[in-house]
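Since the structure comes first, as structure tokens, the remarks are kept for the end.
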Amino acid sequence: MAVTAGSKVLNNVEAVRETLYEAMKSDDRTIILGEDVGARGNVFLITKDFINEFGPERVIDTPIAEASIVGIAVGMAMEGLRPIAEIQFADFIYPAFNQIVGEAAKTRYRSNGEYTCPLVIRTPYGGGVRGALSHSVSIEALFYHVPGLKIVAPAFPADVKGLLNAAIDDPDPVLFLEHKKTYRLIKGEVPEGHYTIPIGKANVIKEGRQLTVVSYGLYVHWALEAANQLENEGMSVEVIDLRSIRPMDRTTILNSVEKTRKLLIIHEDNKFGGIGAEISAMVAEEALFSLDAPIRRLAAPDVPAMGYAEPLEHEYMSSPAQMADAMRELVKF
Amino acid sequence: MAKTDTKAKGLDRHGLTDEQLRQIFRNMLLQRQLDNRGFQLNRQGKVPFALGSEGHEALQAGAAMAFNRGKDILAPYYRDLGLALGIGLTPYEIMLSIFARVDDHNGGRQFPNHYSSKAAGLMSFSSILAAHIPHAVGAAYAQKYRGETGRAVLVTCGDGTTSEGEWHESMNFAAIHKLPLVMLVENNEWAISTPLSKQMANPEIWKRAEGYGMPGKRFNGFDPIETYANVKEALDRARTGGGPTLLEGMCYRFLAHSTDDNDMTYRTKEIVAEARKHDPVPNFQAVLVDSGVMSDADVDAMKKDVLRETNEATDKAEAVPYPQASDLYTNLYEGAWQPWQ
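One line per chain: the protein sequences are F and S, in this order.
For the first sequence, counting from 1, position 201 maps to 185 in my numbering; every step adds exactly one.
My numbering runs 554 ahead of the 1-based position in the second sequence.
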């Protein structure tokens, strides 16, 4: 891979690590807390050696207690620190649900602006790694209903860094979702130094004329692979990487749909009540008469999660081939 | 532990001046008057909800006297009128909250008794029990991390809240990191309708301290001076690097849980009447008069003044307008906000 001056090639784990490192270096209000983030350096080695450089006061190995990992971080944020709380796997976030939904998201609102909660909650999510019922789930739909939160789910290393910087700088709580299968699989050029990418802006990663595909996370990469295959078959598909789930980029989606007149939403999370439901409703409300085909969603079946056994994981997830099939059907509709 | 009356023990003032003793008593009178006012306004149909802390007056007025204004942080729960008053909130601010007026700290968004004042060091909290305790721990962590000796966090809750997982998680973390935190449990024996016996097998909450590796103590929360002495000792320890303390102040909830509760569906008049025999307000009045800190005339004058202040606060707050409908949309995030951009 040719590297532009002022950039280097990182995978997603390295992009998270570099961003956290720079945040720790540049602001001593930054505190990292979570399970095994210190001596072990996080189970994916994202914070490896941080504890040696920044000390145990700033890199806190917490007890196994997710509700208070977030709750204590909320208190730190209310009193002037800039905590970055880690939930070791997104599947473990459920005990912290109230602290995120009932507390962090409402701190500014309920105090009418007297108190704020500048907090980042990072967590690895998603499957394709034989993670079974409790190391593979997608959690974004459980939280995207909640005003007061921002939710980010980048797919590319440069977006990981820019959006994580934006989350750390943000004066309000941000749930930062890292797809664990992309951690070492996805590499890309990342600019050096501090930069931000605005939360709430999608990215058109492939332009096309006949169909709009909206996705995020791991599936962005697979959707792009499928769209490129269709390109070879003479079909032109536009691919949008949402990057941010809340707020969501209405303008980019609508502009694309007005152009292509067809919409396919692809996500790894369950179809029922998923992110695609909100996008479908928005497009139906705003652009129904621009559509030449029914909106389609390719998403997980209505079961709790992917099983450990390979066929169960395979059945739950959508493959690039299935994505290509769905795209072909819509283009030909 | 039997709840004893201060009067019976004579006056050991633990360094409190006459003026401080009078301030404590005035806080207690003000709590009762404001509580009463909230219930009156509810019955008059002027406010939809009120909640009282009768029975907690001595505990809260005594604890608040140990709080260092401008330095310490208070993370209270919703039955802490006396603590809010004792650290500097005014009856007018309390009435703004009861009337849900635009000038309320929360802009009329929260239930009454859900105080918040950054200026006073009073952390915003929700109605979700124990959710505020990790916030207090995080605030104490911030104090310690910044090396701010001489500061501490006073966090309070009722007995029922100690059943929550976050209560345990918070105590555990505070002890591990030797944080400047005082956990004051106001044990009033009731969690709405659920008595202590259904809340825990061992009713001595303070004894859990040993399990966490911190000091613990139970005291008579009907005695404001004993409360002050215990809370001050624990706060001083926290302020000087000695770590957290678990305190359990014994009191009683004389009123129903709130204006929406009927406590006669789960306890008897006789039980409440028996507890009322230890009512801390008349008892402390007797202590102050017997010890010569106040005369009967002083007490009468103070009661009149408290009623006057309550009336003025009520009228002034009632005259303030509600928030506007458009205020529903402010202060969700920094800056203007749309879920779709």
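Just so you know, even glycine gets a beta-carbon here, dropped at the ideal spot from N, CA and C.
Hey, would you say Tyr292 of chain F sits closer than 7 Å to Glu252 of chain F, going by beta carbons?
no
Comparing C-alpha positions only, which one of F:Ala310, F:Arg234 and F:Glu294 sits nearest to Pro893 of chain S?
F:Arg234
What's the C-alpha gap between Gly218 of chain F and Val144 of chain F?
32 Å
Under 7 Å between the Cβ atoms of Gly765 of chain S and Leu800 of chain S?
no
Out of F:Pro231, F:Thr196 and F:Ala207, which has the shortest C-alpha to C-alpha gap to Glu222 of chain F?
F:Thr196
Which residue wins for smallest C-alpha separation from Leu738 of chain S, given the options S:Ala690, S:Arg705, S:Lys732 and S:Asn581?
S:Ala690
Which residues bound the beta strand (DSSP E) around Lys732 of chain S?
Counting along the chain, Lys732 of chain S falls outside any beta strand (DSSP E), and DSSP gives it neither H nor E.
Tyr883 of chain S at chain F interface by Cβ criterion, 7 Å
no
Can you tell me which of F:Val(-7), F:Ser(-9), F:Pro182 and F:Phe76 puts its alpha carbon nearest to the alpha carbon of Gln895 of chain S?
F:Pro182
Between Tyr78 of chain F and Leu159 of chain F, what straight-line distance do the alpha-carbon atoms span, to the nearest angstrom?
13 Å
Contact defined as beta carbons within less than 8 Å: I believe Pro778 of chain S pairs with Glu723 of chain S. What is the distance between those atoms, to the nearest angstrom?
The Cβ separation is near 31 Å, so there is no contact.
Within a Cβ cutoff of 7 Å, which residues of the same chain sit near Ile259 of chain F, ignoring the five residues on either side of it in sequence?
Glu124, Ala125, Tyr128, Ile229, His251 and Asp253
With H, G and I counted as helix, E and B as strand and the rest as coil, what does DSSP make of Glu41 of chain F?
coil
List, in chain order, every chain F residue whose beta-carbon is nearer than 8 Å to that of His659 of chain S.
Ser95, Asn96 and Glu98
Closest Cβ-Cβ distance between Met619 of chain S and chain F: below 7 Å?
no
Does the Cβ-Cβ distance between Thr107 of chain F and Ala150 of chain F come in under 7 Å?
no
Between which two residues does the beta strand (DSSP E) holding Val204 of chain F run?
No beta strand (DSSP E) holds Val204 of chain F; the alpha helix (DSSP H) holding it covers Leu202 to Asn216.
Report the neighbours of Glu723 of chain S on chain F: residues whose CB is nearer than 8 Å to its CB, in chain order.
Pro47, Ala49, Ala51, Ser52 and Gly55
Considering only their Cβ atoms, is the gap separating Pro40 of chain F from Arg66 of chain F smaller than 7 Å?
no
Kindly list, in the order they appear in chain F, the residues whose Cβ is closer than 8 Å to that of Val841 of chain S.
By Cβ distance, chain F contributes nothing, its closest Cβ being about 38 Å from Val841 of chain S, past 8 Å.
DSSP three-state assignment for Ser344 of chain F, whether helix, strand or coil:
Nothing in the structure corresponds to residue 344 of chain F, since chain F is present only between -15 and 317.
Hey, Pro834 of chain S and Phe773 of chain S are a contact pair by Cβ (cut 8 Å); roughly how many whole angstroms apart?
Not quite, the Cβ-Cβ distance comes to about 13 Å (not below 8 Å), so this is no contact.
The alpha helix (DSSP H) with Asp790 of chain S in it runs from where to where?
Pro778 to Arg793
Label Glu351 of chain F either buried or exposed according to how many other C-beta atoms from any shown protein chain fall within 10 Å of its C-beta, with 16 as the threshold for buried.
Chain F is shown only over -15 to 317; residue 351 of chain F falls outside these bounds and no answer can be derived.
Taking 7 Å as the CB-CB limit, is Ala562 of chain S close to chain F?
Reliability of the predicted coordinates at Ala562 of chain S is poor, the pLDDT of 42 falling under 50, and the value obtained from them is presented with this limitation in mind. No, because no Cβ of chain F sits closer than 7 Å to the Cβ of Ala562 of chain S.
To the nearest angstrom, report how far apart Ala729 of chain S and Glu647 of chain S are at their CA atoms.
35 Å
Please confirm whether Arg106 of chain F has its beta-carbon closer than 7 Å to some beta-carbon of chain S.
no
Interface residues of chain F around Val785 of chain S at Cβ under 9 Å?
Those do not exist, as Val785 of chain S stays about 20 Å from chain F at its closest Cβ, beyond 9 Å.
When you compare only the Cα positions, how much space is there between Thr884 of chain S and Gly22 of chain F?
39 Å
Kindly indicate the opening and closing residues of the beta strand (DSSP E) around Ser751 of chain S.
Run containing Ser751 of chain S: none in the beta strand (DSSP E); it sits in the alpha helix (DSSP H), Leu750 to Gln753.
Integer Cβ distance of Asp20 of chain F from Asn26 of chain F, believed to fall under 8 Å:
6 Å
Nearest-angstrom Cα distance between Arg633 of chain S and Thr868 of chain S?
20 Å
Excluding the 5 residues flanking Met8 of chain F on each side, which residues of the same chain have their C-beta closer than 6 Å to its C-beta?
Thr14 and Phe38
To the nearest angstrom, report how far apart Asp604 of chain S and Pro288 of chain F are at their CA atoms.
The question names Asp, yet the displayed sequence has Ala at residue 604 of chain S. So the alpha carbons of these two residues sit roughly 43 Å apart.
Separation of Ala137 of chain F from Tyr551 of chain S, as counted between CA atoms:
No answer is possible for residue 551 of chain S: the residues shown for chain S start at 555 and end at 895.
Using 8 Å for Cβ pairs, my map puts Ala686 of chain S next to Met677 of chain S. What's the rounded Cβ distance?
The sequence given here places His at residue 686 of chain S; Ala does not occur at that position. So it is a contact: roughly 7 Å between Cβ atoms.
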